[in-house]
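So that you can map any letter, position 229 of the sequence shown is 464 in the numbering used here, and since no number is skipped, the others follow by simple counting.
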Amino acid sequence: FPSNTFPAHYSMATGLYPDHHGIVHNRFYHPLLDRRYRMRDSVSRTDPVFYNGEPLWLTAEKQGVTSATLFWVGSDVNDAEKRASYWETYNYHATFSDRINTVMGWLSLPDSLRPRLIMWYMHEPDAIAHKTGPGSAATDSMVMHLDSMLSTFSHKLNQLPFAQDINLVVTSDHGMTEVDPEKVIYLYDHLDTTLTKAIEGHNPCYLIQAREGYKDSVYQSLRNIKHASVWKSSQIPEEHHYGNHPATLDITLLAHPPYTITRGRQQIASKGAHGYSNQLKDMHAIFYAIGPHFKNNYLAEPLELVDLYPLISTILSLTPAENHGDPQRFLPLLK
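Below, the structure written as structure tokens:
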């Protein structure tokens with residue numbers, strides 16, 4: 236939680252909850268730094284000051300395992316010592332075929348140069364599901380297209396002379412749920428903005444900092460909102476692992492689907508959304524894995540995103556940095 240792209244990707248990379256790795260939302264204000272982080276702002280997005288913890292590619296590199304990242308959150312920061320041997324600046328317009336070819340190029344390098352860890356990202360079906368809804372025909376077509384791309388990628392992998400040594404994991408940063416464009420919470424109808432210092436985040440989760448002496452007043456005004464939860468940051472339910480980092484500010488406001496939240500009176504154009512409670516199954520992600528380290532035909536109990544870091548560390552015989560993964564969840568997957 237929140238079940239959004241940037242917090243989730245960096246939790247997968249570090250094995251830490253957002254409260255600890257620092258990327259607490261796709262957009263947030265850090266009061267101790269007096270700076271704002273924006274996922275579409277290349278300056279803040281690539282500034283290492285916002286990123287805590289040790290991502291998997293850095294753990295690997297420190298222990299002599301050559302790594303590569305293609306468009307993973309936090310992998311292109313402006314600090315060469317925190318990047319993989321091979322990396323690229325995020326390019327939304329890079330085609331999925333080009334991304335496959337980049338990964339295959341790395342895997343075709345001579346043994347002494349070839350990365351043993353590759354982490355890469357494709358932005359669908361997230362984009363189309365936001366626009367048309369997760370149950371739409373357009374999303375279904377995109378999923379089938381991605382399935383064909385995975386087939387192409389798997390075929391290319393199987394042509395490599397060391398194909399039998401490759402472990403392949405296919406997963407996601409979050410799920411998606413249907414939202415109702417008619418069921419909108421207008422935040423500014425309930426909030427006197429003169430009592431606030433910062434309003435951060437976006438639908439369906441907002442982080443609010445009150446002006447000195449007005450925290451209780453702001454909290455009480457938001458408690459009256461139906462179809463949403465509001466918490467003082469120190470009182471967020473334990474299962475969210477959230478609210479202790481300074482950037483979570485004073486108050487967290489979270490809509491309940493199919494409701495959405497906007498600041499003013501603008502409408503929500505999308506028909507699908509995520510960022511809701513991690514207890515909702517619609518927010519959960521897929522996990523498929525195949526390779527010499529994984530059991531065959533094994534149906535696993537649910538994992539958490541934070542389990543991926545220690546899981547891959549185990550496969551690569553790395554000593555992991557401190558993380559929140561649980562061996563009781565991820566070790567049963569392995570032979």
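Here a beta-carbon is modelled for each residue, glycine too, at the ideal position from N, C-alpha and C.
Quick one: grab the DSSP three-state call for W307. Looking at W307 - three-state DSSP - the assignment turns out to be coil, as it is neither helix nor strand.
Could you check what DSSP says for T428 in three-state terms: helix, strand or coil? Residue state, collapsed to three classes: helix.
I'd like to know whether the C-beta of R458 is nearer than 7 Å to at least one C-beta of chain C. Within the model displayed, chain C is absent; a lone protein chain is all it includes.
I'd like to know whether the C-beta atoms of G410 and H255 end up nearer to each other than 7 Å. In terms of Cβ geometry, G410 and H255 do not form a close pair [threshold 7 Å].
Three-state secondary structure (DSSP) of R458: Here R458 sits in helix by DSSP.
Using a Cβ-Cβ cut-off of 7 Å (strictly less than) and excluding sequence neighbours within five positions of D314, which residues of its own chain qualify? Contacts found: P283.
C-beta contact flag for I443 and L484 at 7 Å: Yes, the pair counts as a contact, with Cβ atoms nearer than the cut-off.
Helix, strand or coil: how does DSSP classify V312 here? Three-state DSSP puts V312 in coil, outside helix and strand.
Proximity winner among M354, I503 and G370, relative to V405 (alpha-carbon distances): Relative to V405, the option among M354, I503 and G370 whose CA is nearest is M354.
Closest by CA to R275, which one among Y327, L267 and G370? Residue Y327 is the option with its Cα nearest to R275.
How would you label M379, buried or exposed, when you count the other beta carbons within 10 angstroms and need 16 or more for buried? With fewer than 16 Cβ atoms within 10 Å of its Cβ, M379 is classed as exposed.
Assuming T281 and V312 make a contact with CB atoms under 8 Å, what is their CB distance in whole Å? Right, their Cβ atoms sit about 5 Å apart.
Rounded to whole angstroms, what is the Cα-Cα separation between G526 and L293? Between the C-alpha atoms of G526 and L293 there is a straight-line separation of about 23 Å.
Please specify which runs of the beta strand (DSSP E), each continuous and at least 3 residues long, are wholly inside the region 486 to 533, giving them in chain order. The DSSP assignment places 486 to 490, 495 to 497 and 522 to 525 as complete runs of the beta strand (DSSP E) inside the region 486 to 533, in order along the chain (cut-off: 3 residues).
By Cβ distance, which residues of its chain are closer than 6 Å to H365, with the 5 residues on each side in sequence left out? Taking H365 as the centre and dropping the five residues before and after it, the same chain places the C-beta of S505 and G507 closer than 6 Å to its C-beta, in chain order.
Would you tell me roughly how many angstroms separate the C-alpha atoms of Y272 and Y245, rounded to the nearest one? When rounded, the distance between both Cα atoms is 14 Å.
Does DSSP put L352 in a helix, in a strand, or in coil? Judged by DSSP in its simplified three-state form, L352 adopts strand.
Let me confirm a value: K530 is counted as buried when at least 16 other C-beta atoms fall within 10 Å, else exposed. Which label applies? It counts as exposed.
Identity of the residue in T249, P253 and T367 nearest S238 by Cα: Taking S238 as reference, the option from T249, P253 and T367 with the minimal CA-CA separation is P253.
Between the Cα of T429 and the Cα atoms of P416, V414, Y449 and V419, which residue gives the shortest distance? Nearest of P416, V414, Y449 and V419 to T429, Cα basis: Y449.
Have a look at G257, T304 and L268 and flag the residue whose alpha-carbon is nearest the alpha-carbon of N287. Minimum Cα distance to N287 is reached at G257.
Of the listed residues D346, L488 and T412, nearest to L422 (C-alpha basis): Taking the Cα of L422 as reference, the smallest distance to any Cα among D346, L488 and T412 is reached at L488.
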